[in-house]
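Trainee:
In the numbering used here, the protein residues as written are 301 to 866.
(1) Residue 581 and residue 604 look like a contact to me (Cβ under 8 angstroms); what is the Cβ gap, rounded to whole Å?
(2) Indicate the three-state DSSP secondary structure (helix, strand or coil) for residue 414 in the structure shown.
(3) Does DSSP put residue 438 in a helix, in a strand, or in coil?
(4) Would you mind sorting residue 425 into buried or exposed? The rule is 16 or more other CB atoms within 10 Å of its CB.
(5) Are residue 634 and residue 571 touching if we call contact CB-CB under 9 angstroms?
(6) Taking 9 angstroms as the cut-off, decide whether the C-beta atoms of residue 588 and residue 638 are in contact.
(7) Specify the secondary structure class of residue 557 as computed by DSSP and reduced to three states.
(8) Is it true that the segment 556–566 meets the segment 593–610, where meeting means three or more beta-carbon pairs spaced less than 8 angstroms apart?
(9) Given residue 726, which residues of its chain have a CB within under 7 angstroms of its CB, disregarding the five upstream and five downstream residues?
(10) Are the CB atoms of residue 799 and residue 835 within a distance shorter than 9 angstroms?
(11) On the premise that residue 627 lies in contact with residue 659, defined as a C-beta separation below 8 angstroms, what is that separation, rounded to the nearest angstrom?
(12) Please identify the residue among 859, 829, 837 whose C-alpha is closest to the C-alpha of residue 544.
(13) Give a yes or no on whether the C-beta atoms belonging to residue 857 and residue 561 are separated by under 9 angstroms.
(14) Tell me the DSSP secondary structure of residue 862 in three-state form.
(15) Who does residue 629 pair with in a DSSP beta bridge?
(16) Which word fits residue 770, buried or exposed, when buried means at least 16 other C-beta atoms lie within 10 angstroms of its C-beta?
(17) What's the C-alpha gap between residue 512 and residue 477?
(18) Tell me whether residue 686 sits in a helix, a strand or coil according to DSSP, three-state version.
(19) With a floor of 4 residues, list each alpha helix (DSSP H) that falls wholly inside the segment 728–753, ordered by position along the chain.
(20) Evaluate residue 519 with the Cβ neighbour count: other Cβ atoms within 10 Å of its Cβ, from every protein chain shown; 16 or more gives buried, anything less gives exposed.
(21) Might you give, ordered along the chain, the residues of its own chain that have their beta carbon closer than 6 angstroms to the beta carbon of residue 715, omitting 5 neighbours on each side?
(22) Is it the case that the Cβ atoms of residue 701 and residue 651 are separated by a distance below 9 angstroms?
(23) How far does the beta strand (DSSP E) with residue 829 in it reach, from first residue to last?
(24) If we require 3 or more residues per run, which beta strand (DSSP E) segments fall completely within the segment 651–714?
(25) Can you list, in chain order, the residues of its chain whose CB lies under 8 angstroms from that of residue 832, leaving out five sequence neighbours each side?
(26) Can you check whether the CB of residue 778 is closer than 9 angstroms to the CB of residue 717?
(27) Report buried or exposed for residue 844, applying the criterion of at least 16 other Cβ atoms within 10 angstroms of its Cβ.
(28) Count the other C-beta atoms from every protein chain shown that fall within 10 angstroms of the C-beta of residue 353, then say buried if there are 16 or more, exposed otherwise.
(29) Three-state secondary structure (DSSP) at residue 335?
(30) Less than 9 angstroms between the beta carbons of residue 669 and residue 690, yes or no?
(31) What is the C-beta distance between residue 586 and residue 610, in whole angstroms, given that I count them as a contact (C-beta under 8 angstroms)?
(32) Suppose you measure from the CA of residue 597 to the CA of residue 653; what does that come to, to the nearest Å?
(33) Quick one: give me the first and last residue of the beta strand (DSSP E) that residue 764 is part of.
(34) Tell me the rounded alpha-carbon separation between residue 819 and residue 471.
(35) Would you identify the three-state DSSP class for residue 852, choosing helix, strand or coil?
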């Protein structure tokens, strides 16, 4: 059954030039292997079909039996035998070992592989997987996919859970409540600006003419004491100043509700005889409170938050108020009227400050990063100068106390110093920038006397103090960790310098118990104002009296807390 042995390779001397005929050798070798493969394939086919029989001696036709198969048929037959597909009969599986022994050209690896195929087939047949799958399909065919659970039967005599009369919509007597009336749809009222022109100084919370006249007389009397302007008293003795702060207390009559809504701005009248506080709230109302008395007078001047309040530095009978609605008004107590100083309906104003020492010229900041110089002596006319700064927004503007042509601006991560003498509509470049802020800046203010320091309040929970003695090259002195996250329902903290102390500033606090803190420029905590009985809320906006040791703290419900000496 073996093929003819291979002939020896031809000698290299068969060629006259001494080289072997390599091409002829491989051609004969390839033909010999093909003949051997065809002969073996035929024999394998005969074995698989049971055609291999011993020839009888008397039958000449069976002495050399041959089967004529094409080469493609031989290859297909051999491949089907090697695959061992599922069509193989049981008798073939039983005789596979005998067939392997009778196929002389299979190596040991092929024999072992065929044996493994046979064993695996027998193993899977023994598992009866096909019959099991068929029976499972018959069982699950008629069952629903969703499993329904039976509700537990209520046991007789079981206690029913109690329900309140409110949930049962019954009165305490057991009678059913009447149906609630259908509420009408809420109508959104659009808040418009106040009409242009002057407004009469008539309080909205007092109708008695006598009380109104009494209050106006009090304001006039307090303003006459300051006819020569505000004289700031700056103390250089730090220990003495800290001692004054420790003696300041919050008394029972020193807390009252000045306005109806959240306070955005706060200002002290500089009088030394009367303690008069002004506060502006979220909806444009300005409240005036005589702390010695319980009288509070409320005036409706604007339609949006009052961002800035200030008494005139020369004539304290004038109270200026700026609102987000685009208007600035000046209350003149001598004429009992609120005049309109500036109006721009399509703009939103953020803050203002006095450029001139007599308070006649203002620098006004817009939320869209515009600055305007306004002359109060020509009300109703157009602005004198207009310029846009290199910032996305503008929250506060502040004038240098000695070199009043320098303006400090604070906005979106930017605190810069500009020269108002070179203000132009576009392309304004700052004289210097105070870098280091990573989030929006709520405020930035020069120190009150020299302007050599600047304190900033940033949303990255930092209070920073800068050295601005040389405006061309400002450097940071102190970085103080401080929780400035007030959220959306509280006004943002604004650290302000004490007008009486060059190196100390006051700021609100989120700490418990609620307090107001005073810091030195080096970051040292000088004093904390707190009172467990009367101070129970966060005071976001704070102001120090310019000449007396008095502190006012305002919260987001319209209340003002006044600390003063006993």
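Cβ atoms here follow ideal geometry from the backbone N, Cα and C, with glycine treated the same way.
Mentor: For this structure:
(1) Not really, about 10 angstroms apart at Cβ, beyond 8 angstroms.
(2) helix
(3) Correct three-state label for residue 438: helix.
(4) exposed
(5) no
(6) no
(7) strand
(8) Contact holds between the segment 556–566 and the segment 593–610, because three or more Cβ pairs, one in each stretch, are under 8 angstroms apart.
(9) 688
(10) Taking 9 angstroms as the cut-off, the Cβ atoms of residue 835 and residue 799 do not count as close.
(11) The distance from the Cβ of residue 659 to that of residue 627 is about 18 angstroms, inconsistent with a contact at the 8 angstroms cut-off.
(12) 829
(13) yes
(14) strand
(15) 621, 640
(16) exposed
(17) 48 angstroms
(18) strand
(19) none
(20) buried
(21) 734, 741, 744, 756
(22) no
(23) If you look at residue 829, you'll find it in the beta strand (DSSP E) that goes 825–829.
(24) 661–666, 670–675, 685–688, 694–699, 706–711
(25) These residues qualify, in order along the chain: 813.
(26) no
(27) If you draw a 10 Å sphere on the C-beta of residue 844, you find 16 or more other C-beta atoms in it, and that means buried.
(28) Reliability of the predicted coordinates at residue 353 is poor, the pLDDT of 43 falling under 50, and the value obtained from them is presented with this limitation in mind. Looking at its Cβ environment, which holds fewer than 16 other Cβ atoms inside 10 Å, residue 353 is exposed.
(29) helix
(30) yes
(31) Rounded, the Cβ-Cβ distance is 12 angstroms, inconsistent with contact.
(32) 25 angstroms
(33) 762–767
(34) 59 angstroms
(35) strand
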